[in-house]
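Trainee: Please see the structure below; I have some questions.
Number of protein chains: 2
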Amino acid sequence: MKINGVPYRSIWLNKNAWSADIIDQTRLPHEFVVKTLQSMQDAAEAISTMRVRGAPLIGATAAYGVALAMREDASDSNLQLACETLLATRPTAVNLRWALARIQPDLAETSSGARVERAYALAAEICDEDVVINYDIGRHALTVIRELWQKKPAGSEAFHILTHCNAGWLATVDWGTALSAIYQAWDDGIPVHVWVDETRPRNQGAALTAWELLSHGIPHDVIVDNAGGHLMQHGQVDMCITGTDRTARNGDVCNKIGTYLKALAAHDNGVPFYVALPGPTIDWQMDDGVKGIPIERREALEVTHVSGKNAAGKVDSVQITPDGVSACNYAFDVTPARLVTGLFTERGVCAASEAGLLSLYPEYGDMDK
Amino acid sequence: MKINGVPYRSIWLNKNAWSADIIDQTRLPHEFVVKTLQSMQDAAEAISTMRVRGAPLIGATAAYGVALAMREDASDSNLQLACETLLATRPTAVNLRWALARIQPDLAETSSGARVERAYALAAEICDEDVVINYDIGRHALTVIRELWQKKPAGSEAFHILTHCNAGWLATVDWGTALSAIYQAWDDGIPVHVWVDETRPRNQGAALTAWELLSHGIPHDVIVDNAGGHLMQHGQVDMCITGTDRTARNGDVCNKIGTYLKALAAHDNGVPFYVALPGPTIDWQMDDGVKGIPIERREALEVTHVSGKNAAGKVDSVQITPDGVSACNYAFDVTPARLVTGLFTERGVCAASEAGLLSLYPEYGDMDK
Numbered sequence: 001m002k003i004n005g006v007p008y009r010s011i012w013l014n015k016n017a018w019s020a021d022i023i024d025q026t027r028l029p030h031e032f033v034v035k036t037l038q039s040m041q042d043a044a045e046a047i048s049t050m051r052v053r054g055a056p057l058i059g060a061t062a063a064y065g066v067a068l069a070m071r072e073d074a075s076d077s078n079l080q081l082a083c084e085t086l087l088a089t090r091p092t093a094v095n096l097r098w099a100l101a102r103i104q105p106d107l108a109e110t111s112s113g114a115r116v117e118r119a120y121a122l123a124a125e126i127c128d129e130d131v132v133i134n135y136d137i138g139r140h141a142l143t144v145i146r147e148l149w150q151k152k153p154a155g156s157e158a159f160h161i162l163t164h165c166n167a168g169w170l171a172t173v174d175w176g177t178a179l180s181a182i183y184q185a186w187d188d189g190i191p192v193h194v195w196v197d198e199t200r201p202r203n204q205g206a207a208l209t210a211w212e213l214l215s216h217g218i219p220h221d222v223i224v225d226n227a228g229g230h231l232m233q234h235g236q237v238d239m240c241i242t243g244t245d246r247t248a249r250n251g252d253v254c255n256k257i258g259t260y261l262k263a264l265a266a267h268d269n270g271v272p273f274y275v276a277l278p279g280p281t282i283d284w285q286m287d288d289g290v291k292g293i294p295i296e297r298r299e300a301l302e303v304t305h306v307s308g309k310n311a312a313g314k315v316d317s318v319q320i321t322p323d324g325v326s327a328c329n330y331a332f333d334v335t336p337a338r339l340v341t342g343l344f345t346e347r348g349v350c351a352a353s354e355a356g357l358l359s360l361y362p363e364y365g366d367m368d369k
Numbered sequence: 370m371k372i373n374g375v376p377y378r379s380i381w382l383n384k385n386a387w388s389a390d391i392i393d394q395t396r397l398p399h400e401f402v403v404k405t406l407q408s409m410q411d412a413a414e415a416i417s418t419m420r421v422r423g424a425p426l427i428g429a430t431a432a433y434g435v436a437l438a439m440r441e442d443a444s445d446s447n448l449q450l451a452c453e454t455l456l457a458t459r460p461t462a463v464n465l466r467w468a469l470a471r472i473q474p475d476l477a478e479t480s481s482g483a484r485v486e487r488a489y490a491l492a493a494e495i496c497d498e499d500v501v502i503n504y505d506i507g508r509h510a511l512t513v514i515r516e517l518w519q520k521k522p523a524g525s526e527a528f529h530i531l532t533h534c535n536a537g538w539l540a541t542v543d544w545g546t547a548l549s550a551i552y553q554a555w556d557d558g559i560p561v562h563v564w565v566d567e568t569r570p571r572n573q574g575a576a577l578t579a580w581e582l583l584s585h586g587i588p589h590d591v592i593v594d595n596a597g598g599h600l601m602q603h604g605q606v607d608m609c610i611t612g613t614d615r616t617a618r619n620g621d622v623c624n625k626i627g628t629y630l631k632a633l634a635a636h637d638n639g640v641p642f643y644v645a646l647p648g649p650t651i652d653w654q655m656d657d658g659v660k661g662i663p664i665e666r667r668e669a670l671e672v673t674h675v676s677g678k679n680a681a682g683k684v685d686s687v688q689i690t691p692d693g694v695s696a697c698n699y700a701f702d703v704t705p706a707r708l709v710t711g712l713f714t715e716r717g718v719c720a721a722s723e724a725g726l727l728s729l730y731p732e733y734g735d736m737d738k
């Protein structure tokens, strides 16, 4: 998407045609710094230190990491070493595993003389595919947004969408998932205004979603996570769209902590609540998301401390609680399917239910659960 | 309540028997500083700079401010000047107006020779009355908590109460409202554990409620405002108790932004949701809280910046959003009475409805709405 009028992806081939450039997301939103990855080690470091984050972008970065490794040494042993090193950077990231599982056997069957070229081609292919998936998610979402916008009273000045966390282009190669819908609505001429949940504890909304929208020029307001209920109660939200980390077969949606509270408020006030997701995040083995999806508990420090830019312009961290306090930090929650109006996928829009999902992904209908 | 085993009020007569001591709440939770108010100007400054906050405590501080003024000059003109000066410190504070309206005519009718003694007696009376009201709120709440605790399976290790913002002794002279219930349950031997919503944007939960509980020795965990829904969904909350700034005649409850979201989650999961309030915060003229109570919109800076203690131990503020972002900051929301299990008042426990409130306050039954 655009940064001050210039289109960007979150990762791209450098003009030297061999290294990969990324936006260093650890510096956002206070500094925009492009970092050039010149080796497999650079790629591994970028993933492990979260200079790149978001499942699809991690996969794409790993793909370029393999290509950089092949450029240095296209041997079988180096291919093995590169894949092992990259996989170890974020051991639980599904897309990382998926990307490497696609690349490694392909390159193993390619002669070492052709491996470098093939590795770069695969990395480009993985990036381009992600862009198409996310574009398609937004394209299908646009039909729903346009319909809701057209139902608003004539003379309405804006179409208000509330989103939580960052499901934007920074988490993918381009477009994002939830934000893909918002970008496409905006580009289609719908006067979108976005309520951006700050998304404590890590503030991905206040930092990354706000930065994306500001950079692309889309009207927005950052709000505290407490505010969405009041806004919905008073007719100031036309629709909610969030991303998801994992969608259960029954349509239950696991996403950043706090999503469930917004879905409750949307339901209580008749506000449509949609979730945007690429097909690969559907967990077909998981029959009941609320009961079955394990929720990661992260360190208390994320709750007790907040980082940002101080008056001197430096990034610093401040402690908001008294010394010695106890804190608890669950990172995700699960929104029951009954609160979800529908799902936006790259194959179309469906109900948040097994039947809805199978209508778009019939190939999973007969699988052995 | 106790600070490291020593009982405190939030305001008390200094051992010199004429000045008033307060806990400087602008320094909490990072420093515990007692400040001695030696003049009416000291009292006015403490209120306007929020060294003291919370409606009942502001009223009590103003009462001591008048006493300090009388000590210097017990003339009619100085009485008038003191009341005007103190009233101007926080023009919209209901309790400030109420305390001064009670003191000024009383002292005006007292001979100037007896005014100093009478002024100190009135200040002490206002403080003591507040303590009794809050104690009674907690005493009635305790019957409900005890009943819920006794219904938990034998062998349960803790009774988990979630609270939002700070309705503690720091906002009153002692006990608090919602926290009065928690202190009394704890003192009664119920193994309370408190989930403390941090309460963005001003973090009164993370800063003040956490400090109160820590100081009194009550087990607690600070959580982000996003977390309560997940906890309730998984049986980790036995009860919610919050305070309120204004309760409508129909039982709708206006409280710090985000309260409504927690009430929705409580309702969705069958968790009892109670609100603690002193009778004077009931607005008998307000028939419909959701529709009628105006919601203050405060400055965006509270959303975009967070203050806390930096690594050097100094209180500092950091900006969490990118430069140039737009933010919106509603300070309160209204929880519809249908989501409130009951109200804890100084006269007893009642349903959140006009009939419920009138059962405890029958004198308002015939009033001209």
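Each protein sequence line maps, in turn, to chains A and B. Residue numbering for the first sequence follows the working numbering, starting at 1 and increasing by one per position. Residue numbering for the second sequence follows the working numbering, starting at 370 and increasing by one per position. Ideal Cβ placement from N, Cα and C applies to all residues, glycine included. All of these numbers come straight from a predicted model, not from anything done at the bench.
Where does B/Pro691 fall in DSSP's three states?
Mentor: Taking the second sequence and counting its residues from 1, one reaches residue 691 of chain B at position 322. It is coil, neither helix nor strand.
Trainee: List the endpoints of the continuous beta strand (DSSP E) containing B/Ser676.
Mentor: If you number the second sequence from 1, residue 676 of chain B lands on position 307. It spans 674-678 - the beta strand (DSSP E) in which B/Ser676 sits, taken as one unbroken run.
Trainee: So what's A/Thr49 in DSSP terms, helix, strand or just coil?
Mentor: One-based indexing of the first sequence puts residue 49 of chain A at position 49. Three-state result, A/Thr49: coil.
Trainee: Can you pull the chain C residues whose beta carbon is under 7 Å from the beta carbon of A/Pro201, in chain order?
Mentor: Considering every chain present, this structure includes no chain C. Its protein chains are A and B.
Trainee: Excluding the five sequence neighbours on either side, which residues of its own chain have a C-beta within less than 8 Å of the C-beta of B/Ala477, listed in chain order?
Mentor: Taking the second sequence and counting its residues from 1, one reaches residue 477 of chain B at position 108. Answer for B/Ala477: Asp445, Leu448, listed in chain order.
Trainee: Who are the neighbours of A/Val318 on chain B, taking C-beta pairs under 7 Å?
Mentor: Here the question's residue 318 of chain A lines up with position 318 in the first sequence. Per Cβ cutoff of 7 Å: Val675, Ser676, Gly677, Lys678, Asn679, Asp685, Val687.
Trainee: According to DSSP, is B/Asp637 part of a helix, a strand, or is it coil?
Mentor: The residue labelled residue 637 of chain B in the question sits at position 268 within the second sequence. Judged by DSSP in its simplified three-state form, B/Asp637 adopts helix.
Trainee: Got a sec, what are the start and stop residues for the beta strand (DSSP E) A/Trp195 sits in?
Mentor: The sequence position of residue 195 of chain A within the first sequence is 195, counting from 1. Looking at the DSSP string, the run of the beta strand (DSSP E) that includes A/Trp195 is 192-197.
Trainee: Per the contact definition of three or more C-beta pairs closer than 8 Å, is the segment 174-194 of chain A in contact with the segment 267-284 of chain A?
Mentor: yes
Trainee: Nearest by alpha-carbon distance to B/Leu397: which of B/Thr458, B/Leu382, B/Ala389, B/Arg420 is it?
Mentor: Here residue 397 of chain B corresponds to residue number 28 of the second sequence, with the count starting at 1. Closest by alpha carbon: B/Arg420.
Trainee: Quick check on the DSSP output: what are the complete alpha helix (DSSP H) runs of length 4 or more inside the segment 450-537 of chain B, in order along the chain?
Mentor: Complete alpha helix (DSSP H) runs here, min 4: 463-477, 484-520.
Trainee: Suppose contacts are defined by Cβ-Cβ distances below 7 Å. Is A/Val318 in contact with A/Gly289 by that definition?
Mentor: Residue numbering aside, residue 318 of chain A sits at position 318 when the first sequence is read from its first letter. Residue numbering aside, residue 289 of chain A sits at position 289 when the first sequence is read from its first letter. In this structure, A/Gly289 does not lie closer than 7 Å to A/Val318 by Cβ.
Trainee: Please decide whether A/Val325 counts as near chain B, where near means a Cβ-Cβ distance under 7 Å.
Mentor: The residue labelled residue 325 of chain A in the question sits at position 325 within the first sequence. A/Val325 counts as touching chain B.
Trainee: Flag B/Thr710 as yes if its beta-carbon sits less than 7 Å from any beta-carbon of chain A, otherwise no.
Mentor: Indexing the second sequence from 1 puts residue 710 of chain B at position 341. False, the Cβ-Cβ gap to chain A never drops below 7 Å.
Trainee: Going by the DSSP bridge assignment, what does A/Thr345 pair with across the sheet?
Mentor: Here residue 345 of chain A refers to the residue found at position 345 of the first sequence. DSSP, once it has assigned bridges, lists A/Gly348 as partnering A/Thr345.
Trainee: What do you reckon, is the C-beta of B/Pro425 under 6 Å from a heavy atom of the ligand ADP?
Mentor: Because no ligand of any kind appears in the structure shown, any question about the ligand ADP cannot be addressed here.
Trainee: Between A/Trp211 and chain B, is any beta-carbon pair separated by less than 7 Å?
Mentor: Your numbering for residue 211 of chain A matches position 211 in the first sequence. Interface residue, yes.
Trainee: Quick one: residues in its chain with C-beta nearer than 6 Å to the C-beta of B/Thr690, no 5 flanking neighbours on either side, listed in chain order?
Mentor: In the second sequence, the residue the question calls residue 690 of chain B occupies position 321. Excluding residues within five positions, the ones whose Cβ falls inside 6 Å are Thr673.
Trainee: Give the range of the beta strand (DSSP E) segment to which A/Ile223 is assigned.
Mentor: The residue labelled residue 223 of chain A in the question sits at position 223 within the first sequence. Per DSSP, A/Ile223 belongs to the beta strand (DSSP E) from 220-223.
Trainee: Beta-carbon separation of A/Trp195 and A/Asp221 under 7 Å?
Mentor: Reading the first sequence from its first residue, position 195 is the one you call residue 195 of chain A. Reading the first sequence from its first residue, position 221 is the one you call residue 221 of chain A. Contact flag set, yes.
Trainee: Taking C-beta pairs closer than 8 Å, name the residues in chain A that B/Cys697 reaches, listed in chain order.
Mentor: Counting from one through the second sequence, the residue named residue 697 of chain B turns up at place 328. The contacting residues are Trp195, Asp221, Val222, Ile223, Ala227.
Trainee: Contact defined as beta carbons within less than 8 Å: I believe A/Tyr120 pairs with A/Ala67. What is the distance between those atoms, to the nearest angstrom?
Mentor: As a first step, residue 120 of chain A is located in the first sequence; it is residue number 120 there, counting from the start. As a first step, residue 67 of chain A is located in the first sequence; it is residue number 67 there, counting from the start. About 5 Å; that satisfies the 8 Å criterion.
Trainee: Going by the beta-carbon positions, is the gap between B/Arg615 and B/Thr568 smaller than 7 Å?
Mentor: Numbered from 1 along the second sequence, position 246 holds the residue referred to as residue 615 of chain B. Numbered from 1 along the second sequence, position 199 holds the residue referred to as residue 568 of chain B. 7 Å or more divides the Cβ of B/Arg615 from the Cβ of B/Thr568.
Trainee: Compute the beta-carbon to beta-carbon distance between A/His164 and B/Tyr699, rounded to the nearest angstrom, for a pair I have assumed lies under 8 Å.
Mentor: Along the first sequence, read from residue 1 onward, the residue named residue 164 of chain A stands at position 164. Along the second sequence, read from residue 1 onward, the residue named residue 699 of chain B stands at position 330. With 8 Å as the limit, A/His164 and B/Tyr699 do not qualify as a contact, their Cβ atoms being about 17 Å apart.
Trainee: Please compile the residues from chain A whose C-beta is within a distance smaller than 8 Å of the C-beta of B/Tyr552.
Mentor: Reading the second sequence from its first residue, position 183 is the one you call residue 552 of chain B. Those do not exist, as B/Tyr552 stays about 18 Å from chain A at its closest Cβ, beyond 8 Å.
Trainee: First and last residue of the alpha helix (DSSP H) that includes A/Tyr361?
Mentor: By one-based count along the first sequence, residue 361 of chain A stands at place 361. Note, A/Tyr361: premise wrong, no alpha helix (DSSP H); not H, not E.
Trainee: Does the beta-carbon distance from A/Glu346 to A/Asp136 come in below 7 Å?
Mentor: Translated into positions along the first sequence, residue 346 of chain A becomes position 346. Translated into positions along the first sequence, residue 136 of chain A becomes position 136. Cβ atoms of A/Glu346 and A/Asp136: closer than 7 Å.
Trainee: For the alpha helix (DSSP H) containing A/Asp187, name the first residue and the last one.
Mentor: As a position in the first sequence, residue 187 of chain A is number 187, starting the count at 1. It spans 178-187 - the alpha helix (DSSP H) in which A/Asp187 sits, taken as one unbroken run.
Trainee: Hey, does A/Ala206 have any beta-carbon neighbour from chain B nearer than 7 Å?
Mentor: Within the first sequence, numbered from 1, the residue matching residue 206 of chain A stands at position 206. So, interface residue.
Trainee: Could you round the C-beta distance between B/Thr710 and B/Phe642 to whole angstroms and report it? I think they count as a contact, below 8 Å.
Mentor: Here residue 710 of chain B is taken as the residue at index 341 of the second sequence, counted from 1. Here residue 642 of chain B is taken as the residue at index 273 of the second sequence, counted from 1. With a contact defined as Cβ atoms closer than 8 Å, B/Thr710 and B/Phe642 qualify at about 5 Å.
Trainee: Helix, strand or coil: which one does DSSP assign to B/Leu397?
Mentor: Residue numbering aside, residue 397 of chain B sits at position 28 when the second sequence is read from its first letter. Correct three-state label for B/Leu397: coil.
Trainee: Considering just the uninterrupted stretch of the alpha helix (DSSP H) at A/Trp12, what are its terminal residues?
Mentor: Within the first sequence, the letter at position 12 stands for residue 12 of chain A. Per DSSP, A/Trp12 belongs to no alpha helix (DSSP H); it is in the beta strand (DSSP E), 11-13.
Trainee: Since B/Thr405 is in the beta strand (DSSP E), which residue starts that stretch and which ends it?
Mentor: Numbered from its first residue, the second sequence carries residue 405 of chain B at position 36. Note, B/Thr405: beta strand (DSSP E), 403-406.
Trainee: Apart from the five residues on each side of it in sequence, which residues of its chain come closer than 7 Å, Cβ to Cβ, to B/Ile739?
Mentor: Since the first residue shown for chain B is 370 and the last is 738, residue 739 of chain B is missing from the structure and cannot be characterised.
Trainee: Let's test the definition: count the other Cβ atoms within 10 Å of the Cβ of B/Thr613 and tell me whether it reaches 16, buried, or not, exposed.
Mentor: The residue given as residue 613 of chain B occupies position 244 in the second sequence. Buried: at least 16 other Cβ atoms inside 10 Å.
Trainee: Express the C-alpha separation of B/Ser722 and B/Trp653 in angstroms, rounding to a whole number.
Mentor: Translated into the one-based positions of the second sequence, residue 653 of chain B becomes position 284. Translated into the one-based positions of the second sequence, residue 722 of chain B becomes position 353. When rounded, the distance between both Cα atoms is 12 Å.
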